[in-house]
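Those sequence lines, one after another, are chains D and L. First residue of the first sequence? That's 6 in the working numbering, and the numbers climb one at a time after it. First residue of the second sequence? That's 42 in the working numbering, and the numbers climb one at a time after it. Reading through the structure tokens given below for one structure.
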Amino acid sequence: MPAVIRIEGLTKRFGDVIALDAVSLDVAENEFLALLGPSGCGKTTLLRAIAGLETPDAGQILIDAVNQNGRAPYQRPVNMMFQSYALFPHMTVADNVAFGLRQDGLKGAALTDRVREALARVEMEALGTRKPQQLSGGQKQRVALARCLAKRPRALLLDEPLAALDKHLRERTQLELMTLREKLGIAFIVVTHDQDEAMGMATRVAVMDRGRILQTGAPRDLYDRPLNRAVAGFFGHMNIWDGAVTGTDSVACAAGTVRVADPLPREGAMVAVAVRPEQITLRGPENDVGSNQITGVIAEVVYGGTVSTYFVRHGEHRLRVVRQNGAGAAFRRGDTVTASWPAAAVRVLAP
Amino acid sequence: MSAARFRKTLLAVPWVWAALLFFLPLAIVVKISLAETAVGVPPYTALIDHGALRATLANYRDVFADSFYAGAYVSSVKIAGLATILAVLAGYPMAYAIARAPERRRGLLLLLVTLPFWTSLLIRIYAWIGLLRPGGVINAVLESVGLIDTPLQMINTTAAVCFGMVYAYLPFMVLPLYARLERLDPALVEAAGDLGATPWRAFLSVTLPLSLPGVMAGALLVFIPCVGEFVIPDLLGGPDTVMIGKVLWSEFFSSRDWPLSAALTVVMMAVLVIPVLAVQRTLGEEP
């Protein structure tokens, strides 16, 4: 798949703060890419730089192999949906959508056709004469989307598109965005701080922190194989222990001896081992001290409908375990349990 | 005191203020405008004399019959209108620049805009006399660099009056306009650019229309006092600068014709009410 957007060594400073630190990234023609990270990680700056709203200090952005350095936002074949939607309050819905097309010199029937088409795409054609302040949050979001799509951009940039919506609407809109992107066949780049949102929508996720991309990959890959602590911690929860390599497949840490299926560095090296909470099974207490298991007391149970989260106290650590409700024996707070996990579930992270 | 009563009391304050300092004086002015001149103190007849109402519209007839007064109104509105337009042209870039300046510097810039108010208007207009008169600073500089041979007649012209008004009332234009521009979401202009508008097009189709209420508010604050302005036309104006403020002054103090000047005032207020209502209507339509 050819790259529609290619970012090479992009750097941006705001005073002493490095918002983007030599970021390189390719965006394929047909992907739904999520830029995921905590606030201030540089994800919004990266999106705005692609749109031309921030001027990078170094590096370049190519769209369809054309260098965009020095090109103003109005000269770039991408469109951005702003977090606040930025609908023009003095124009009707139809005029908002027509705005971008008028800049391209479209007039008359050609213009109205394109406006109608864009509004129909988001099921808003009935509300063309309304003013933005007469719309609900979800309707505003649709108009903002239609306004971008009417321009038929090469890529759509979405800044926290679901942040202003309530929970139900968020799930529905998420599905709609996915369907829409498949229909249009253009790249969507979405900025979000919400890992569930990123995992649910995107075909690929780039995890960012402090102006750098830590890891990119399909949501499943990032979840199953995080490369470092930041990705592991940001993308769901993990139980992480620091330890030292004691053999070709074993690490000694606070959880005892942990056997690992993944390749390990040489003996004596410091590493961190990590296990997802749902990969751990609980059973009644056992006395034999094997590898990949610990025995402790349940300190807390958080009921969550389909699953419950158990916190098992073991020395100074609190092991997080997620269990399907109704599967096997129920454990209560204060019960002593043995928690175990297979070697294949253990991930090795940089210390 | 309950919260509701406290609220009501608080809301009554502006009404009491307006009643005491606007409506009551206005009623007195209207009353005087319906009287006749008389020799004495006060120099007009009482409205109710021995139980009989003695009101006359003769003063209003005089105001409308004498084309001199009509000319004074028209010329006042013209000069004030021109000053208002110039104040918009000068004030808009200032307000825009301040609204776009870094946040920590805006306070200082706004302070600079209001700085002239720290000196009395009269003193500042006198200073302009010193700058504009034939032997004044500007003429002296122009002569010394050889740009002119004879002094330019700048003082005592209608242009000087207009200039003085722009100078004196510019802050009233800048401040409401700044307040409006500062509240404008920068994402709106960015969105216009993102959708293909050049910066100039984005300004014309987004920033300007959304800042019009600020322009209107500022224009009113400049136009209304300028129409009735007395000090500036008196000090900077010439013999052919006829403005209603000056006419009022001379009818009141020189001719001691209080009823006629009261009638002139009432008519002037009526003239001013029209633009105020027009602007209020456009502001009322705002989102």
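Don't be surprised by glycine CBs; every beta carbon is placed ideally from N, CA and C. These numbers were taken from a predicted model, which means no experiment stands behind them.
Distance CB(residue i)-CB(residue j) smaller than 7 Å
| i | j | result |
| --- | --- | --- |
| L354 (chain D) | R177 (chain D) | no |
| S255 (chain D) | N297 (chain D) | no |
| L25 (chain D) | L38 (chain D) | no |
| V83 (chain D) | L162 (chain D) | yes |
| V263 (chain L) | Y219 (chain L) | no |
| I285 (chain L) | Y114 (chain L) | yes |
| P300 (chain L) | A111 (chain L) | no |
| L40 (chain D) | M213 (chain D) | yes |
| L124 (chain D) | A160 (chain D) | no |
| I273 (chain L) | M206 (chain L) | yes |
| L116 (chain D) | G142 (chain D) | no |
| V215 (chain L) | V154 (chain L) | yes |
| V98 (chain D) | V148 (chain D) | yes |
| V104 (chain L) | A303 (chain L) | no |
| R11 (chain D) | L67 (chain D) | yes |
| E36 (chain D) | T208 (chain D) | yes |
| V247 (chain L) | A121 (chain L) | no |
| L277 (chain L) | A181 (chain L) | no |
| H95 (chain D) | P217 (chain L) | no |
| A131 (chain D) | V120 (chain D) | no |
| V342 (chain D) | V263 (chain D) | no |
| V32 (chain D) | V9 (chain D) | yes |
| V250 (chain D) | P356 (chain D) | no |
Helix, strand or coil at residue i [DSSP, three-state]
| i | result |
| --- | --- |
| L161 (chain D) | strand |
| P328 (chain L) | Residue confidence is low: P328 (chain L) scores 47 on pLDDT, short of 50, so the model does not pin down where it sits. No coordinate-derived value is stated. |
| G258 (chain D) | According to the sequence displayed, residue 258 (chain D) carries Cys and not Gly. Correct three-state label for C258 (chain D): strand. |
| L183 (chain L) | helix |
| D118 (chain D) | helix |
| W1 (chain D) | With chain D covering 6 to 356 only, the question about residue 1 (chain D) has no answer from this structure. |
| L174 (chain D) | helix |
| G3 (chain D) | Summary: the structure shown does not reach residue 3 (chain D), with chain D confined to residues 6 through 356, and so no result is reported for it. |
| G14 (chain D) | strand |
| V83 (chain D) | strand |
| F336 (chain D) | coil |
| G310 (chain D) | coil |
| E77 (chain L) | coil |
| Y90 (chain D) | coil |
| G286 (chain L) | helix |
| E34 (chain D) | coil |
| S295 (chain L) | helix |
| I189 (chain L) | coil |
| N72 (chain D) | strand |
| E130 (chain D) | helix |
| G64 (chain D) | strand |
| T197 (chain D) | strand |
| D26 (chain D) | strand |
CB contact check: residue i to chain L, cutoff 7 Å
| i | result |
| --- | --- |
| P347 (chain D) | no |
| P78 (chain D) | yes |
| A223 (chain D) | no |
| A169 (chain D) | no |
| L58 (chain D) | yes |
| L52 (chain D) | no |
| R352 (chain D) | no |
CB contact check: residue i to chain D, cutoff 7 Å
| i | result |
| --- | --- |
| A232 (chain L) | yes |
| P227 (chain L) | no |
| T239 (chain L) | yes |
| P250 (chain L) | yes |
| L218 (chain L) | no |
Amino acids of chain B, ordered along the chain, whose beta-carbon sits closer than 7 Å to that of residue i
| i | result |
| --- | --- |
| M85 (chain D) | The question asks about chain B, but that chain is absent: this structure's protein chains are D and L. |
Take every Cβ of the stretch 80 to 91 of chain D, pair it with every Cβ of the stretch 223 to 237 of chain L, and state whether three or more of those distances are shorter than 8 Å. yes
For the stretch 89 to 123 of chain D, list every residue whose C-beta sits within 7 Å of some C-beta in chain L, in sequence order. S89, A91, F93, P94, H95, F104, G105, Q108, D109
Against chain L, which members of the stretch 8 to 24 of chain D pass a CB distance test of less than 7 Å? none
Short-range partners of chain D found in the stretch 246 to 271 of chain L, where Cβ spacing is below 8 Å: S246, V247, P250, L251
Cβ contact (3+ pairs, closer than 8 Å) linking the stretch 281 to 295 of chain L and the stretch 90 to 100 of chain L: no
Does the contact criterion of 3 or more C-beta pairs under 8 Å hold for the stretch 222 to 238 of chain D versus the stretch 312 to 327 of chain D? no
What are the residues in the stretch 120 to 152 of chain D lying within 9 Å of chain L by C-beta distance? K136, P137, Q138, A149, R152
Across the stretch 234 to 244 of chain L and the stretch 103 to 117 of chain D, are there enough close Cβ pairs to call them in contact, namely three or more that are closer than 8 Å? yes
Cβ contact (3+ pairs, closer than 8 Å) linking the stretch 318 to 331 of chain D and the stretch 47 to 67 of chain L: no
Using a Cβ cut-off of 8 Å, which residues of the stretch 134 to 158 of chain L contact any Cβ in chain D, in chain order? none
Taking contact to mean 3 or more Cβ pairs, one atom from each stretch, closer than 8 Å, check whether the stretch 210 to 224 of chain D and the stretch 42 to 53 of chain D are in contact. Because the criterion of three Cβ pairs below 8 Å is met, the stretch 210 to 224 of chain D and the stretch 42 to 53 of chain D touch.
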